[in-house]
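Colleague: Here it is: the structure, laid out below.
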Amino acid sequence: MALYKLSEYNPNYKDEIFDGNDIKRIDVYADDNRVGFVVNILVDESDGRFRYFIIDTGFWIFGKRVLLPVGLARLDYEKKHLFVPKLTKEQVKNLPEWSEDLAIDNDYEEQVRGVYRPLVLSVMPGMLGTPAVYNYTLEPCFYELSDPNFRTYEENLRNGRNLNRAKI
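Basically my numbering = 1-based index in the sequence shown + 23.
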């Protein structure tokens, strides 16, 4: 499961996917607290689906970049904000740091999902542990896009993806 930054997966994503707008630099909020801003989105090479927002935590947790599964966030188009309900500063502190030179593998992703699972256990109380071979469809709460506009952006990407991309 190779993941690519959106800007490398499709260098024309702003025009082709987001109608000239840029998802980067959108502020991220947890309840009433500004958490940081979106740096990029990671896209799954195998199916072109959005998997994670790369979040720079700014002054909330100075200088840390983390991954946020796309299914946990809600976009507010009017305010141009990304909301992550019930996310705490402690959870963000516990997330593994993301960096440009990081090789993202199943163990790293499991560390990320493990920090976020308490956010979704109240919604999905019967959720069990993760199997040895992970598939993104096993936990749709992390990766399914509920926002119809964002789902359309993802479909636009999948239909016109650019194959000149650099692997993360």
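Just so it is clear, CB atoms sit at the ideal spot from N, CA and C, and this is done for glycine as well.
Just so you know, these numbers come straight off a predicted model, no measurement behind them.
So what's LYS225 in DSSP terms, helix, strand or just coil?
Modeller: This structure cannot settle anything about residue 225, because the visible part of the chain is limited to 24 through 191.
Colleague: Nearest CA to the CA of ASN117: which residue from GLU132, VAL138, LEU98, LEU110?
Modeller: Taking the sequence shown and counting its residues from 1, one reaches residue 117 at position 94. Relative to ASN117, the option among GLU132, VAL138, LEU98, LEU110 whose CA is nearest is VAL138.
Colleague: Given this structure, state the Cα-to-Cα distance separating TYR27 from GLY183, to the nearest angstrom.
Modeller: Looking up residue 27 in the sequence shown gives position 4. Looking up residue 183 in the sequence shown gives position 160. Their Cα atoms are separated by approximately 15 Å.
Colleague: Under 8 Å, with one C-beta from each stretch per pair, do the region 71 to 90 and the region 111 to 129 reach the 3-pair mark?
Modeller: yes
Colleague: Compare the beta carbon distance of TYR32 and VAL66 with 9 Å and say whether it is the shorter of the two.
Modeller: The residue labelled residue 32 in the question sits at position 9 within the sequence shown. The residue labelled residue 66 in the question sits at position 43 within the sequence shown. It is a contact, given that the beta carbons lie within the stated cut-off.
Colleague: Considering Cα atoms alone, identify which of TRP83, LYS37, ASP45, ARG74 is closest to ILE196.
Modeller: Nothing can be reported for residue 196, as the shown portion of the chain is limited to 24 through 191.
Colleague: Using C-beta distances below 7 Å, list every residue in its chain close to PHE173, excluding the 5 sequence neighbours before and after it, in chain order.
Modeller: Here residue 173 refers to the residue found at position 150 of the sequence shown. Closer than 7 Å at Cβ, skipping near neighbours: LEU98.
Colleague: Just the C-alpha distance for LEU105 and THR175, rounded to the nearest angstrom, thanks.
Modeller: As a first step, residue 105 must be located in the sequence shown, where it is residue number 82. As a first step, residue 175 must be located in the sequence shown, where it is residue number 152. When rounded, the distance between both Cα atoms is 17 Å.
Colleague: State the Cα-Cα distance for the pair GLU167 and GLY81, rounded to the nearest angstrom.
Modeller: In the sequence shown, the residue the question calls residue 167 occupies position 144. In the sequence shown, the residue the question calls residue 81 occupies position 58. Between GLU167 and GLY81, the C-alpha separation is close to 27 Å.
Colleague: Where do the ends of the beta strand (DSSP E) carrying ASN56 lie?
Modeller: Taking the sequence shown and counting its residues from 1, the one referred to as residue 56 is at position 33. 56 to 67 is the extent of the beta strand (DSSP E) around ASN56.
Colleague: Leaving out five residues before and five after SER169 in sequence, what residues of the same chain have Cβ atoms less than 8 Å from its Cβ?
Modeller: Taking the first residue of the sequence shown as 1, we reach residue 169 at position 146. For SER169, where only same-chain residues beyond five positions count, the Cβ hits under 8 Å are GLY94, ARG97.
Colleague: Which value, in whole angstroms, describes the spacing of the CA atoms of ASN179 and ILE46?
Modeller: As a first step, residue 179 must be located in the sequence shown, where it is residue number 156. As a first step, residue 46 must be located in the sequence shown, where it is residue number 23. Their Cα atoms are separated by approximately 15 Å.
Colleague: According to DSSP, simplified to helix, strand and coil, what is VAL51?
Modeller: Here residue 51 corresponds to residue number 28 of the sequence shown, with the count starting at 1. VAL51 falls in the strand class under three-state DSSP.
Colleague: Mind reading off the beta-carbon distance from ILE49 to LYS103? Whole number of angstroms is fine, and I expect it under 8 Å.
Modeller: What you label residue 49 is simply residue 26 of the sequence shown in a count that begins at 1. What you label residue 103 is simply residue 80 of the sequence shown in a count that begins at 1. Right, the Cβ-Cβ distance comes to about 6 Å (below 8 Å), so this counts as a contact.
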